[in-house]
Amino acid sequence: MIRQVGQKVFGGVNSLVGFSVARYVLAIGIFVGVVVFGFVSMRSLGVDLLPSTNIPVVNISTSYPGASPTSVDEEVTQVIESAVAQVPNVTSINSTSNTGNSRVTLQLEDGTDQNAAANQVASLVSGAARQLPQGAGNPSVRTFNPNAQPILEFGVSGGTASQADVYDYVNNQLVPALQRVEGVADVELSGGSQRGVEVLLDPNKLSAYGLTPQSVANAISGSNVRSSIGTVTREGNSLTYTTNAKLTSLDDIANVILDAAKGVRVSDVASVKDSSTATGVTRVNGLPVVLVSIQQTAGSNAVAVVDGVKALIAGIKLPAGYRVTYSNDTTGPIRASIASTTHELWITALVVALVTLLFLGRLNTALTVIAAIPISLAAAPILYKLMGFTFNQVSLLALIVAIGIVVDDSIVVAENVERYRAMGFGRVEAVLRGASEVFSAVAAASLSLLAVLIPVSFMGGIVGEYVKQFSLGLAAAVLLSWLEALLFLTVRMAYTPDAAPLGWRDVPRVLGRLPEAMRWGLASVRTWWFWVLAAAFLAVLWTRAENRLLLLTVLLLPLVLGVVRYLWGALLAVLEALTTTLHGLTDRLLVGVREAYVRSLDSALNASAGVLLIAAAFLVATVLLVVPRMHFTFTPATDSGTLRAGLRLPSGLSLNTRNELVSRLEGYFLRRPEVRSVQASVTPNGTNLNITLKPKTEREDIATLTGTYQQALRGMFSDYPDVRANVFSGGGFRGQGNSQSLTLVANNYDLLKQRAAMAVNVLEQNPNVLSASSSLDNTTLENQFVPNPGLLAQAGLTANTVAQALGTYGSGSSGGNVEIGGVTYPISVELDPQYLQDDQSLLSLPIYSNALQSSVTVGQLGSIVQASAPNSVQRTNRLYSLDLSIEPDPASKLTATQLQDQLTAALTRAGVIDNLVTVGKADRNSAFAIGNRIGSLGLQAFALSLLLVYLVMGAQFNSFRYPLYLLLPVPFAVAGAYWMMFLVGGTLDIFGVLGFLLLIGLSAKNAIIYLEFVVEQMQKLPLREALIEASRLRFRPIIMTTLTVLVISIPLLLNRGSGSEFGKSLSIIIVGGISVSALMTFYVVPAAFSLFERGRAAHPAVREAEVSVPTGPPAATPAAGA
């Protein structure tokens, strides 16, 4: 039959279409397999908020116990910086020096192998380690771990139990259980009181026995050793020997020998006792807690990991009075955002289905086209699984966009097949004729989209990770939709029998078929499938039902089947009648609009040059009026439902005072009705609050709330004039909030510290800034012991020896660990607090001098000076730096770039920024820096995509000229998108750039559908008539494909749920671009083709050559027997 049809069809039946229709079982098997694999892949994919980004970063951490931030900076950090300065491909070197710890971070060029770089850094750092001061640890080199941030935090409170007991329970019982949960990489604890053992030294006894504090610590740690001796082989047997000296009690520690000759033990110079140490306070909703932070393994499903942890906690029987309170669940925004996006997905699918029903009319045909949505989308999860992607905002956004695109090919094929059906052809022949006729147009349209999507997926860096998941996911769906429309839709339309056309008059007849349906149900007991269904029904009841009498309900199964058949038939009848009615109204409206358009096109062709001039003026106006006003950002400001708050504190405040001030701030937020939880942390180095809000539907937007909070907090600390509270948004979406930062750098740290206060004052006077703070705000009063070199020399001591002794006296030295009752506790050797009450008591402490064979007091070696010291020292590219944190006013209309420029200018005018203090280069992977690059990156990607589409179209039409007509709507689509974005006051982000790239393929798609028919009609008609006839024939599919693409923007525009900000710019671009490009396809493309091709068409030889341009693969004769 196919061969007979092929002989009658002009140009023959397309070989692929003919093969799929002839081998329909193979076609069905292939696409059913794709759907099954897609479903399996979908269930195994991880879930995340945004794509995982591989940032090439190397971190070097070095400990220097007891050293101040300034000492760490000068003696450790700068040494490390100098050593790694020669590492290639480094874009920036950032460092932070805290009390007792140095961290140096190397940012590498995109694409750099960070493991190879880490090996080179480790080699350089090991050489520099010899220059580090005695007491500094060995530098640790690690690559960046994107999963280092906790995905879940919760507090464990113990009621009347002590904080030490709570910490012990969590550390020794809860943590091991949590570490066994699948996907958990690490569990960290903070807050509470850690139990340990204190060895409290008596300085007078040390002096009497001629001992130093460090010798006591060394003796204790040296008595607690487990090491291998070796292996001895004797008569074929291997014996392994180890040294096992273990401290198991407080008495063991007290009996450690310090001086064997004199018989001096630890108990002779110190007291040994249990202790519980708390260096800070952590609370959740006002209750003191031990805070548990959960980190996930690479590639794991964050939502599944959190669910596993919560399931474990729910199944654990906690001690009496203990309670778990979740304070920071990062999967909350992920769940809400994914749920919102999934909701958009369903709405988009329903709207597209409705458009298809209205335009195609036949219920069977419409459902056949709608089936292309799940079939085509199945390709995306398969690719996501193979590429290691997750379901996130970007990958799901690709699926939403795909819904409106994947049906385009099916619509074009189905509409053309229905046109042949209307002409009287049978199902199979109409399918072969209609699908073969549009094969070339559908192929060219799909290839034009693929030519855009696939190449841009090779972009590098963080932007590349976003583009890759979107473009490849969409490309997979588009590719399968093309194959599905030609190879599987044709099978469904060829072999699916038509339902009898039903109108409203037929509905009562169908509703009266209940007796017939019940007879069918009773008769079904004679079929094999009935008993299979009955067995499955019984199996479900057996496993689920507690009352076995319910098994008797299987006797009602025939009646249930009859009712279901009746209801299904009635529903289809009503739906068919409704579809017929609505299609009639739509069709009459569409025919009227089409004829009006054809008449207007006839007039426009008489003034083709005028049409093109008007179109050119529109482009010029866009370039001059709109493009210069457009601004770029990386990702949109989002309402994550999470806020951060903190206090700017003066020097010298005790931990108790800090705690009292934070309690005020904490209490304010706990009283707010929109706040769900408050996690507060108070340490000597700073204060921090993480506030989790209720869902967006139950409160105001986060920008408004931030302004409200900032205003309310200004008068809260009037009794402490130097205390300032700050609130910042953006904690939950990994920094994608409204907050901004500005870095100042200088070679002189003291100068930078002076400018910090000036900078904050200047920023807070700006009307577009709600609040500002500096990383140098938090300082402490530091008592610095300044040794006298001459006195040190007389005593035969060095500054390092004195520093070690004072370090042990003040902050303690580690004496190793003791194992008591199977639990390991740390041993701290330190001065008994009663001997260290003030400066004078410190100066009275003895230090033993071997040279003098006696002790000298600290006061005989130097003096104490009080000074303000930073909590941390920051450096950027080997210059001292400070970070200015800025919270923009929600009412401000300035973009991030505009605000940064305005603030930089204000700081320059105020003298904060000059030749000595300058603005540091932003981290190239910060949202602000990427936003500044988005414009140029988008332009490069757009130009490349345009070139590739041109080449693909040129190859498809075998012409260098025709692709210019096909791409003519593209600049107008871009102009329309710019105008739409300008009118709504939006800012272009990475998703908007993706929308511009899509416009190339989407806007050219309609031109391909139109121009391909023009070329075909030119074989039978003059140019002008061919243009008009093609416009009439292609008006319906162009309108349908345009509407299906436009409707995907409706849910994105109207959605107000969590994460809805991500799709806004994309939807705006699509609405503006596709609307204008459709108009250009209807008028500008015919006008340009008429103006520039009428000369060629007037010459028969040229005309014959032009219309003979091959527009698709050659037809093949179907295999024998087809």
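329 is the number of the first residue of the sequence shown in the numbering used here; add one for each residue after it.
Backbone N, C-alpha and C define an ideal beta-carbon position, used for all residues, glycine too.
The secondary-structure analysis by DSSP pairs Lys1022 with nothing; it has no beta-bridge partner. Of the residues assessed, Trp856 falls on the exposed side of the cut-off, its CB having fewer than 16 other CB atoms within 10 angstroms. Within the model, the alpha-carbon separation for Lys796 versus Pro379 is close to 10 Å.
CA-CA distance, Thr610 to Ile782, rounds to 50 Å.
By the CB criterion at 9 Å, Glu812 and Phe359 fall inside the cutoff. Taking the Cβ atoms as the reference, Leu1212 lies roughly 6 Å from Leu1091, within the contact range of under 8 Å.
Around the Cβ of Lys1392, a 10 Å sphere holds 16 or more other Cβ atoms; the residue is buried.
For the options Ser1139, Ala1416, Gly1144, Leu1231, the alpha carbon positioned closest to that of Asn1094 is the one of Leu1231. For Tyr650, no beta strand (DSSP E) encloses it, and the DSSP letter there is neither H nor E. Around the beta-carbon of Pro1001, fewer than 16 other beta-carbon atoms lie within 10 Å, marking it exposed.
Secondary structure note for Phe1288: it is in no alpha helix (DSSP H), with a DSSP letter that is neither H nor E. The DSSP assignment places 817-823, 835-839, 842-851 as complete runs of the alpha helix (DSSP H) inside the region 796-859, in order along the chain (cut-off: 4 residues). Cα atoms of Ser396 and Met787: separation of roughly 44 Å, rounded to the nearest angstrom. Residue Leu903 holds the alpha-carbon nearest to the alpha-carbon of Val835 among Val1055, Thr570, Leu903. Every beta strand (DSSP E) stretch that sits fully inside the region 347-432 and reaches 3 residues is listed by chain position as 385-391, 418-426. By the neighbour-count definition (other C-beta atoms within 10 Å, threshold 16), Met751 is an exposed residue. Here Leu1294 has Met1281, Ala1332, Ala1335, Ile1336, Leu1339 as same chain residues with Cβ atoms under 7 Å from its own Cβ, once five neighbours each way along the sequence are excluded. Pairing Ile1378 with Thr676 gives a Cβ-Cβ distance under 9 Å.
Take Leu502, set aside five residues on each side of it, and the residues of its chain with a beta-carbon closer than 8 Å to its own are Val484, Val620, Ile644, in chain order. Looking at the backbone, the Cα of Val1245 and that of Ile641 are separated by about 52 Å.
Apart from the 5 residues on each side of it in sequence, Leu575 sits with its Cβ closer than 6 Å to the Cβ of Asn552, Ile581, Val1146 in its chain, given in chain order. According to the DSSP secondary-structure assignment, Gln1228 is paired through a beta bridge with no residue. Counting along the chain, Gly483 sits inside no alpha helix (DSSP H); it lies in the beta strand (DSSP E) bounded by residues 480-485. Distance from Leu940 to Ala1415 at the Cβ level is roughly 6 Å; contact confirmed, criterion being Cβ atoms closer than 8 Å. Residue pairing by DSSP places Gln1112 opposite Val1193 in a beta bridge. Its chain contains Val722, Ala726, Leu1322 as the residues whose beta carbon lies nearer than 6 Å to that of Phe798, once the 5 sequence neighbours on both sides are disregarded; these appear in chain order.
Within the region 1035-1104, the alpha helix (DSSP H) runs of at least 4 residues that lie entirely inside it are, in chain order, 1077-1092. Straight-line measurement puts the Cα of Val1186 at about 7 Å from the Cα of Leu1170.
Excluding sequence positions up to five before and after Leu1296, its CB lies within less than 8 Å of the CB of Ala1335, Met1408, Val1412, Val1413, Ala1416, all in the same chain and listed in chain order. DSSP places Gln448 within a helical segment (H, G or I) once states are collapsed to three. In this structure, DSSP gives Leu640 a helical state, which the three-state scheme calls helix. Phe1390 and Phe1324 have their C-alpha atoms roughly 15 Å apart.
Spanning the alpha carbons of Leu910 and Ser738 requires a straight line of approximately 21 Å. Shortest Cα-Cα distance from Thr718 to any of Val1151, Ser628, Val784, Ala742 involves Ser628. The C-beta distance from Gly649 to Gly487 rounds to 3 Å, short enough to meet the 8 Å contact threshold.
The C-beta of Leu839 has fewer than 16 other C-beta atoms within 10 Å across all chains shown, which makes the residue exposed.
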